[in-house]
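For the sequence shown, my numbering begins at 103 and goes up steadily by one.
Just so you know, even glycine gets a beta-carbon here, dropped at the ideal spot from N, CA and C.
If you're wondering where the values come from, they're calculated on a predicted model, not measured in any experiment.
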Amino acid sequence: HVEFMGSDDGLLDLDNFSGLKSIFSGLAGGVVGYTLTSWDEEWRQPVIGLDVGGASTDVSRYSVRYEMVYETTTAGIT
């Protein structure tokens, strides 16, 4: 039995899975996409991503490596 992680952090079986619902849809997909197309290894300037969608706006930053945040509180907001 195989399940895939979705962009909503849920798991999907093969019958309900599509690229649109994959982890690379949404913020994760945007970060990977602009990193692969905009990052310059020689220049090494941070890249800011802005993904404006129908229901949300995602803002992210890439510089040399992907960063992980495991905190549930940011700037005093939980």
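When secondary structure is reduced to three states using DSSP, T176 falls in the strand class.
Counting C-beta pairs with one atom in each stretch, the segment 169 to 179 and the segment 140 to 159 have fewer than three that are closer than 8 Å, which means they do not touch. Of the other Cβ atoms in all chains shown, fewer than 16 fall within 10 Å of the Cβ of V161; this residue is therefore exposed. Between M107 and S140, the alpha-carbon positions lie close to 26 Å from each other.
Nearest C-alpha to R146 among L116, S158, V166: V166.
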